[in-house]
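Notes follow once the structure below has been shown.
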Amino acid sequence: MRTISLIVPCYNEEESIMLFYDAVDKVFTGINATGDNYQPEFQFVNDGSSDKTLEILKQLQTQHPETVHYISFSRNFGKESALAAGLDAATGDLVAVMDVDLQDPPELLPEMIRLIEEENYDCVGTIQKARRGQSRIRAFLSSRFYKVIDSMSQVNIEPNARDYRLMTRQMVDSITALPEYNRFSKGIFAWVGYKTKYLTYESQPRAAGTTHWSLSMLFNYAIDGIIDFSDAPLRLATWVGGISFFISICGLIFVVLRALIVGGSVAGWPSIVSIILMLGGLQLFCLGILGEYIGKIYLETKHRPKYIVKEKK
1 MRTISLIVPC YNEEESIMLF YDAVDKVFTG INATGDNYQP EFQFVNDGSS
51 DKTLEILKQL QTQHPETVHY ISFSRNFGKE SALAAGLDAA TGDLVAVMDV
101 DLQDPPELLP EMIRLIEEEN YDCVGTIQKA RRGQSRIRAF LSSRFYKVID
151 SMSQVNIEPN ARDYRLMTRQ MVDSITALPE YNRFSKGIFA WVGYKTKYLT
201 YESQPRAAGT THWSLSMLFN YAIDGIIDFS DAPLRLATWV GGISFFISIC
251 GLIFVVLRAL IVGGSVAGWP SIVSIILMLG GLQLFCLGIL GEYIGKIYLE
301 TKHRPKYIVK EKK
């Protein structure tokens, strides 16, 4: 019997857990009814929830002690840390990453298994065709983000790719071997390589509850992704500084020549102040980019753990 580990991050998802378990259990019943023999290993990760998420996970684990396991953090460390904890704990021959809100349809699992077992893919990922229930602004920003990071990064990150994917044990071991504290899973999945196939599907509504991702959180997540997998912003800062310096030299030469040819002092203090403010703003912009990278280096050099487990079973 082959085991498939299911990594399921949970943050205040008390309404979704049982719905998710029942849906996935139904899919595995159908898989095994066809003659295949796969056993699920649920690895729920409670990311510092403040509702009854942990209580429900404990009840579910008591009911199904052989297939259901949970990890509970000492506080909220974020989804990336929850994914890392789940991957570290997974023992299956194949490992899937899924969201508990059922926006990742479990019905795709049989086809994902087939592609790995029969067509020798190392990873089968998923891409949303559309984003139902998402505002136009958020959808536009999301599509722009993927284009920007794809043009800047040395790895190819598929537009609208989800974390939802099924991977071989070899690929998972390669991912867990990466020691970095600052993690951007979509980039990591692409960086390690391996033969990958993507399945497309229509976006699904949440089974229950509401999303915990605000627009500002998504923006910060996007910035982290760009900084973690590209040094293009540093090069941009260099180019901005160089161009600003060149323009300033040209302006200085113009002022000197005008004073020699036309004579008299140059009027226009407001314009001079505006130029000074512009150059100061560009300098602060470049320092801000540099500061983001230095901040990442600072966090990495501390060698703090990505998460702290309070209890697990």
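First residue of the sequence shown? That's 1 in UniProt numbering, and the numbers climb one at a time after it. Don't be surprised by glycine CBs; every beta carbon is placed ideally from N, CA and C.
Which word fits residue i, buried or exposed, when buried means at least 16 other C-beta atoms lie within 10 angstroms of its C-beta?
i    : result
D173 : exposed
G92  : buried
M1   : exposed
K186 : buried
A85  : buried
Q63  : exposed
T196 : buried
I286 : Here the sequence assigns Cys to residue 286, which means Ile is not the residue at that position. Answer is buried; the Cβ neighbour count reaches 16.
C10  : buried
I298 : With the sequence shown as reference, residue 298 is identified as Tyr, and Ile is not the correct amino acid for it. Y298 is exposed by the Cβ-count criterion.
Q43  : buried
I7   : buried
E311 : exposed
A90  : buried
L166 : buried
According to DSSP, is residue i helix, strand or coil?
i    : result
T67  : coil
T176 : helix
E183 : Checking the displayed sequence, the identity of residue 183 turns out to be Arg instead of Glu. Correct three-state label for R183: coil.
K197 : strand
R2   : strand
K312 : strand
Y164 : strand
V192 : coil
I7   : strand
Contact check, residue i vs residue j under 8 Å by CB: the rounded distance?
i    : j    : result
V97  : L83  : 6 Å
Y70  : N46  : 6 Å
S81  : K306 : 5 Å
S5   : L102 : Rounded, the Cβ-Cβ distance is 18 Å, inconsistent with contact.
Y198 : I247 : Rounded, the Cβ-Cβ distance is 45 Å, inconsistent with contact.
F28  : I308 : Actually they are not in contact, since the Cβ atoms of F28 and I308 sit about 32 Å apart, beyond 8 Å.
Quick one: does the C-beta of residue i sit closer than 6 Å to a heavy atom of the ligand SAM?
i    : result
Q170 : The ligand SAM is absent from the structure shown, which contains no ligands of any kind.
So within the stretch 98 to 134, which uninterrupted beta strand (DSSP E) runs reach at least 3 residues, ignoring any that extend past its ends? Entirely contained in the stretch 98 to 134, the beta strand (DSSP E) runs reaching 3 residues are, in chain order, 123 to 128.
My parser needs the alpha helix (DSSP H) runs of 4 or more residues fully inside the stretch 16 to 89; what are they? Qualifying alpha helix (DSSP H) stretches, in chain order: 17 to 33, 53 to 63 and 79 to 89.
Check whether the stretch 45 to 60 touches the stretch 102 to 111, counting contact only when three or more Cβ pairs, one atom from each stretch, lie closer than 8 Å. Output reads no: the stretch 102 to 111 does not touch the stretch 45 to 60.
Can at least three beta-carbon pairs, one atom from the stretch 173 to 182 and one from the stretch 100 to 108, be found at a separation below 8 Å? Segments in contact, no.
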